[in-house]
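Structure first, then comments.
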Amino acid sequence: MSLFNKVTDYPTIKSLFFDGMTLLFGGFGGVGTPPGLIDCLIESGVKVVKLIGNDAGFPWIGIGKFICLERAQSLIASHIGSNPVAGELMTQGKLNVEFSPQGILVERIRSGGVGLNGFLTEIGRGTKLEYDKPIIKIGDKEYMYESPLTGDVSLVFAKKADTFGNLVFDKTARNTNPYVAMASKITIVEAEEIVPMGELNPEEIIVPGIYVKHIVPSKGYNWKWIWEMPDKSSRSAQPAK
Amino acid sequence: MSLFNKVTDYPTIKSLFFDGMTLLFGGFGGVGTPPGLIDCLIESGVKVVKLIGNDAGFPWIGIGKFICLERAQSLIASHIGSNPVAGELMTQGKLNVEFSPQGILVERIRSGGVGLNGFLTEIGRGTKLEYDKPIIKIGDKEYMYESPLTGDVSLVFAKKADTFGNLVFDKTARNTNPYVAMASKITIVEAEEIVPMGELNPEEIIVPGIYVKHIVPSKGYNWKWIWEMPDKSSRSAQPAK
Amino acid sequence: MDMGDARQIIAKRAASEVKNGMIVNLGIGIPSLVPDYLDASIQVFFQAENGILGMGPTPLENADGNLSNAAGYPVTILPGGSYFDSAIAFGMIRRGCIDVSILGALQVSEQGDLANWIVPGKRVPGVGGAMELAYGAKNLIALMTHCEKDGRPKIVTSCTLPVTTYRCVKKIITEMAVFSISDQLLLEEIMPGYSLNDIRNHTEADFKISPDLKPNR
Amino acid sequence: MDMGDARQIIAKRAASEVKNGMIVNLGIGIPSLVPDYLDASIQVFFQAENGILGMGPTPLENADGNLSNAAGYPVTILPGGSYFDSAIAFGMIRRGCIDVSILGALQVSEQGDLANWIVPGKRVPGVGGAMELAYGAKNLIALMTHCEKDGRPKIVTSCTLPVTTYRCVKKIITEMAVFSISDQLLLEEIMPGYSLNDIRNHTEADFKISPDLKPNR
Chain P
1 MSLFNKVTDY PTIKSLFFDG MTLLFGGFGG VGTPPGLIDC LIESGVKVVK LIGNDAGFPW
61 IGIGKFICLE RAQSLIASHI GSNPVAGELM TQGKLNVEFS PQGILVERIR SGGVGLNGFL
121 TEIGRGTKLE YDKPIIKIGD KEYMYESPLT GDVSLVFAKK ADTFGNLVFD KTARNTNPYV
181 AMASKITIVE AEEIVPMGEL NPEEIIVPGI YVKHIVPSKG YNWKWIWEMP DKSSRSAQPA
241 K
Chain G
242 MSLFNKVTDY PTIKSLFFDG MTLLFGGFGG VGTPPGLIDC LIESGVKVVK LIGNDAGFPW
302 IGIGKFICLE RAQSLIASHI GSNPVAGELM TQGKLNVEFS PQGILVERIR SGGVGLNGFL
362 TEIGRGTKLE YDKPIIKIGD KEYMYESPLT GDVSLVFAKK ADTFGNLVFD KTARNTNPYV
422 AMASKITIVE AEEIVPMGEL NPEEIIVPGI YVKHIVPSKG YNWKWIWEMP DKSSRSAQPA
482 K
Chain V
483 MDMGDARQII AKRAASEVKN GMIVNLGIGI PSLVPDYLDA SIQVFFQAEN GILGMGPTPL
543 ENADGNLSNA AGYPVTILPG GSYFDSAIAF GMIRRGCIDV SILGALQVSE QGDLANWIVP
603 GKRVPGVGGA MELAYGAKNL IALMTHCEKD GRPKIVTSCT LPVTTYRCVK KIITEMAVFS
663 ISDQLLLEEI MPGYSLNDIR NHTEADFKIS PDLKPNR
Chain B
700 MDMGDARQII AKRAASEVKN GMIVNLGIGI PSLVPDYLDA SIQVFFQAEN GILGMGPTPL
760 ENADGNLSNA AGYPVTILPG GSYFDSAIAF GMIRRGCIDV SILGALQVSE QGDLANWIVP
820 GKRVPGVGGA MELAYGAKNL IALMTHCEKD GRPKIVTSCT LPVTTYRCVK KIITEMAVFS
880 ISDQLLLEEI MPGYSLNDIR NHTEADFKIS PDLKPNR
């Protein structure tokens with residue numbers, strides 16, 4: 001079924017980006033943000049009107065590399081704490097940042113991705129994150145309306161893709177990627193491994209190929225550095241042995 | 242970690258049912274509705290105030306067996322066409338049926354299951370299925386508000402469960418089960434196979450054990466009959482060879 | 483022509499709408515006959531709303547009880563196929579991932595309103611997934627016999643049966659004719675054995691005649 | 700007492716709130732130190748909002764870049780653990796599946812309002828998952844040093860920093876005291892080396908004294 005072969009190369013991807021696009025990116029603190037596609041975006045020289053993803057990454061990791069170039073007009077994210085440059089740009093008025101609670105943000109992306117028109121929640125009610133969101137009264141309770149998010153292009157990182165675009169993720173590098181993959185007109189996947197159709201167990205596929213437009217092979221990821229940086233104090237978040 | 246062992250027996254399950262409960266059931270046309278738990282529900286003699294699931298099953302399969310006993314006051318489902326008894330009870334005023342479009346219904350269950358407060362959609366706008374649902378204006382567009390659904394007890398069918406309640410499903414018997422598993426105070430799982438904790442690949446788990454309260458072993462399922470009935474004309478919905 | 487023949491003729495004509503590489507969803511009834519008429523060279527992915535993409539033919543033996551289409555009948559899965567839950571199945575549908583959805587119909591109006599879920603007082607199956615299929619598909623084709631058994635036309639000025647989804651049908655295929663609907667109802671083809679007059683006499687809705695009107699192949 | 704000692708004392712006291720069989724979510728900062736003080740007999744599932752349940756200890760070598768906690772640091776997975784996407788991770792959190800959530804705080808009001816996401820003009824990290832953790836957890840424990848470096852109290856009548864979530868904190872643990880909050884702020888324990896007067900002098904909010912008030916073990 002070569003008809004369904006979506007594997008391409010980075011130069012082809014570069015030509016898909018355009019000035020003024022809304023870009024969704026997968027990943028959580030840089031883990032699971034496709035490094036090859038971010039480099040490709042940087043090389044394209046394109047300006048992005050709106051970036052949407054979990055966070056601002058680190059200055060040299062994930063979407064952070066792109067944000068530092070000041071080619072993004074706005075960002076919707078749950079935090080920018082790991083990228084001080086993003087904070088500076090925001091303070092200087094060079095980057096418009098809308099904060100969304102983390103789980104609400106991924107649900108907004110999902111809402112767009114599954115063709116619904118937003119949802120109601122109490123999360124953030126009465127706080128600064130209410131912004132000017134509509135308040136909807138249902139019965140005698142009031143909720144905030146959270147709008148769906150969609151994009152022109154989504155950048156996704158996967159462990160494995162078959163040539164149709166069926167995707168399998170790896171451990172916690174899955175995070176927001178499955179919904180980011182559903183929410184744009186053009187979804188581009190960087191995969192650590194590309195296999196022929198039929199090689200993935202249909203039961204283990206997390207994102208069906210129907211959502212994917214283009215696939216490129218990954219040149220490897222770079223987010224292990226996060227905990228190897230000497231200036232970051234080590235942190236054990238788990239029960240010690 | 243025997244602390245997390247949730248495996249029990251059918252008599253114990255029977256004692257969990259109570260008159261007036263709201264019951265959610267997994268399954269799609271009977272496929273994936275736990276037959277042992279439905280029998281257990283029938284034997285309990287309990288009356289259900291509200292049933293919520295994809296459809297009314299068949300008179301002898303899935304939730305249909307229970308519906309035929311006239312012990313359910315109401316049903317929220319996407320269709321009842323496969324169970325003529327449900328249609329008769331509805332016509333006689335003995336069963337109050339609310340129809341919800343199929344994908345909207347499972348999203349309502351999901352909305353309850355993930356702790357959100359309902360969502361907006363255009364699906365069904367202007368039709369009989371609008372009922373008296375609130376119409377919400379966002380910008381210059383009008384949407385229907387779909388409320389979240391939750392229950393007292395959820396009945397779920399899985400291929401495999403470990404003793405903590407991590408669940409794996411089988412092919413199209415997955416259908417609504419993952420969200421039904423998230424949406425009730427008490428989720429009870431009938432599993433074709435029960436394995437020790439640690440035997441399931443953490444990557445293949447569809448429903449994490451955190452949602453599951455009780456697990457019983459299945460005595461086998463019975464929905465293959467659907468296409469073996471002589472009075473149903475065979476139907477090939479796929480490309481012929 | 484008996485009803486059975488009409489159904490096969492409609493299904494055969496509908497099959498020619500399915501092109502290489504498409505993602506296709508088929509409703510129950512006449513649409514389920516469409517695959518029988520697909521050319522062997524056509525490669526498509528069939529999706530079903532219970533949670534499968536890439537359905538293959540009915541198994542010849544050893545059907546798996548946990549592998550069925552949305553009507554509950556046994557199917558197989560082709561290489562590249564996947565399983566998912568029914569929320570994602572409908573996510574695909576609403577999001578416009580289905581290239582063509584072929585549904586059975588009870589009535590279609592000249593504006594493309596579809597009625598296919600309830601005959602009040604007679605048949606109350608419930609809407610199932612039809613509203614979302616009609617809403618989300620890039621192309622929605624309605625299949626039905628041209629008239630009721632008692633001769634009443636099914637292509638109407640305005641649906642008398644409760645509507646499933648408004649202004650959604652893009653094409654109507656019956657045993658007598660093929661219509662397209664964009665701004666208006668347009669007769670595109672006259673099927674073999676029928677005349678323009680036959681169609682006028684059995685169609686309640688006003689229609690225009692396509693400049694490309696052709697008798698069926 | 701230096702800041703580092705105070706953090707360890709708070710983490711140790713917080714560890715005694717974690718009981719056998721619980722599902723636990725730990726925020727960044729002082730909460731991340733809590734596991735170091737858990738008794739070996741305690742069996743719990745640690746959940747993280749990036750998509751893992753059943754986190755195990757930091758790997759001693761060969762850390763996997765694709766296996767980290769919500770702060771991005773390497774972890775392992777225990778038998779019975781699972782991976783999922785972050786929408787489901789937050790579904791669990793909002794739905795009340797987390798038995799205890801232990802978060803760092805900048806301020807807590809006497810009504811249990813939590814401020815922990817922004818210091819206007821200084822630190823703008825963004826709210827991350829804190830609002831939902833605070834909203835959904837069955838039990839929310841806030842950990843913080845009792846005062847700012849300049850001596851200003853952090854347990855206040857009303858938060859001066861932007862609030863994360865209103866009326867959510869059930870317990871406050873500092874190096875000086877443990878408070879519970881239900882209808883009112885209640886002093887439950889005085890930590891070693893402090894007197895009731897010390898606490899009065901360093902707490903802005905009004906508090907009552909629990910009938911069960913005890914000095915710390």
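Chains as they are written, first to last, in this note's numbering: chain P, 1 to 241; chain G, 242 to 482; chain V, 483 to 699; chain B, 700 to 916.
Where a beta carbon is used, it is the ideal one built from N, C-alpha and C, also for glycine.
### Task
Note down, in chain order, each residue of its chain lying with its Cβ closer than 7 Å to the Cβ of D19 (chain P), except the 5 sequence neighbours on either side.
These residues qualify, in order along the chain: V46 and K47.
### Bounding residues of the alpha helix (DSSP H) (the contiguous stretch that carries N724 (chain B))
Taken as a continuous stretch (DSSP letters only), N724 (chain B) belongs to no alpha helix (DSSP H), being part of the beta strand (DSSP E) at I722 to L725.
#### Entry: Inside the region 171–223 of chain P only - beta strand (DSSP E) runs reaching at least 3 residues
Fully contained in the region 171–223 of chain P are the following beta strand (DSSP E) runs of length 3 or more, in chain order: 184–195 and 214–217.
### Message
At the 8 Å Cβ level, is V189 (chain P) part of the contact set with chain V, yes or no?
### Response
Chain V has no Cβ within less than 8 Å of the Cβ of V189 (chain P).
### Proximal chain G residues relative to R706 (chain B), where beta-carbon distance stays under 7 Å
None at all; the shortest Cβ gap to chain G is about 29 Å.
### Query
Under a Cβ-count criterion, where at least 16 other Cβ atoms within 10 Å of its own Cβ denotes burial, should E130 (chain P) be classed as buried or exposed?
Exposed.
### Message
Assuming contact is defined by CB atoms lying nearer than 8 Å, are G81 (chain P) and G30 (chain P) in contact in what I supplied?
### Response
No, they are not a contact pair.
### Query
What in chain P is Cβ-close to Y384 (chain G), meaning under 7 Å?
Those are N117, listed as they occur along chain P.
### Query
Can you name the residues that DSSP bridges to M144 (chain P)?
Partner(s): P:T121 and P:I135.
### Query
Hey, is P325 (chain G)'s beta-carbon within less than 8 Å of any beta-carbon in chain B?
It does not: the Cβ of P325 (chain G) has no partner Cβ on chain B nearer than 8 Å.
### Message
Given a cut-off of 8 Å on the beta-carbon distance, is the pair L390 (chain G) and I317 (chain G) in contact?
### Response
At the C-beta level, L390 (chain G) and I317 (chain G) come within 8 Å of one another.
### Task
Using a Cβ-Cβ cut-off of 8 Å, state whether E363 (chain G) counts as contacting chain P.
So, interface residue.
### Q529 (chain V) (DSSP reduced to helix, strand or coil)
Note: Q529 (chain V) maps to strand in three-state DSSP.
### Message
Only counting the same chain, and skipping five residues up and downstream in sequence, which positions put a Cβ closer than 8 Å to that of Q92 (chain P)?
### Response
Excluding sequence neighbours, Q92 (chain P) sits near nothing in its chain.
### Residues of its chain near P325 (chain G), where Cβ-Cβ distance is below 6 Å and the 5 sequence neighbours each way are ignored
If we look at P325 (chain G) and ignore the five residues flanking it on each side, it has no Cβ neighbours.
### Message
Going by the DSSP bridge assignment, what does Y782 (chain B) pair with across the sheet?
### Response
Residue pairing by DSSP places Y782 (chain B) opposite B:I751 in a beta bridge.
### Task
Confirm, please, whether the CB-CB distance from E686 (chain V) to I701 (chain V) is below 8 Å.
A query on residue 701 (chain V) cannot be resolved here, the shown segment of chain V reaching from 483 to 699 and no further.
#### Entry: Any C-beta of chain G under 8 Å from that of S692 (chain V)
Between S692 (chain V) and chain G, the shortest Cβ-Cβ separation is not below 8 Å.
### Query
Near K690 (chain V), which residues of its chain fall below 8 Å by C-beta distance, leaving aside the five closest residues on each side in sequence?
These residues qualify, in order along the chain: Q666, L667, L668 and L669.
#### Entry: Pick from P:I215, P:A181, P:E193 and P:G198 that is closest to F25 (chain P), judged by C-alpha positions
Nearest in C-alpha terms to F25 (chain P), of all of P:I215, P:A181, P:E193 and P:G198, is P:A181.
### Query
How about V436 (chain G): is its Cβ closer than 7 Å to a heavy atom in the ligand ZN?
Among the components modelled here there is no ligand, and therefore nothing to report on the ligand ZN.
### Message
Taking the straight line between their C-alpha atoms, what separation do you get for H684 (chain V) and S591 (chain V)?
### Response
Put simply, the backbone Cα of H684 (chain V) is about 14 Å away from that of S591 (chain V).
### Query
Which chain V residues are close to N166 (chain P), counting only those with a beta carbon under 8 Å from its beta carbon?
Close partners of N166 (chain P) in chain V (Cβ separation under 8 Å): G562 and S564.
### Task
List the whole-angstrom C-beta distance separating A616 (chain V) from L596 (chain V), where the pair is believed to meet the contact cut-off of C-beta under 8 Å.
Your pair A616 (chain V) and L596 (chain V) checks out as a contact, with CB atoms roughly 5 Å apart and the cut at 8 Å.
### Query
Does the beta-carbon distance from S184 (chain P) to G209 (chain P) come in below 8 Å?
Not in contact: S184 (chain P) and G209 (chain P) (Cβ atoms no closer than 8 Å).
### Query
How close, in whole Å, do the beta carbons of I308 (chain G) and T263 (chain G) come, if the pair is a contact with beta carbons under 8 Å?
So it is not a contact: roughly 15 Å between Cβ atoms.
### Query
Is the shortest distance between the beta-carbon of G611 (chain V) and the beta-carbons of chain P less than 8 Å?
It does not; no Cβ of chain P falls within 8 Å.
### Query
Excluding the five sequence neighbours on either side, which residues of its own chain have a C-beta within less than 7 Å of the C-beta of Y420 (chain G), listed in chain order?
Correct list, in chain order: V347, I350, R351 and G354.
### Query
Beta carbon of I534 (chain V), beta carbon of Y565 (chain V): below 8 Å?
In contact: I534 (chain V) and Y565 (chain V) (Cβ atoms closer than 8 Å).
### Query
Can a CB atom of chain B be found closer than 8 Å to the CB of D170 (chain P)?
Yes, because at least one Cβ of chain B sits closer than 8 Å to the Cβ of D170 (chain P).
### Task
Look up Q589 (chain V) in the DSSP assignment and give the residues it is bridged to.
V:A597.
### Query
Does the distance from the CB of G811 (chain B) to the CB of G728 (chain B) come in under 8 Å?
Cβ distance not < 8 Å, so G811 (chain B) and G728 (chain B) don't count as in contact.
### Query
Within the 8 Å Cβ cut-off, does C162 (chain P) reach chain V?
Reading off the sequence, residue 162 (chain P) comes out as Asp, not Cys. Answer yes: the Cβ-Cβ gap between D162 (chain P) and chain V drops below 8 Å somewhere.
### Query
Applying the criterion that 16 or more other CB atoms from any shown protein chain within 10 Å of the CB defines a buried residue, is P196 (chain P) buried or exposed?
Only exposed fits P196 (chain P), as fewer than 16 other CB atoms lie within 10 angstroms of its CB.
### Buried versus exposed call for M700 (chain B) [16 or more other C-beta atoms within 10 Å across all chains shown]
Result: exposed.
### Task
Decide yes or no for the touch test of the region 765–781 of chain B against the region 157–173 of chain P: beta carbon pairs closer than 8 Å, at least 3 of them.
In short, these stretches touch, since the Cβ pair count reaches three.
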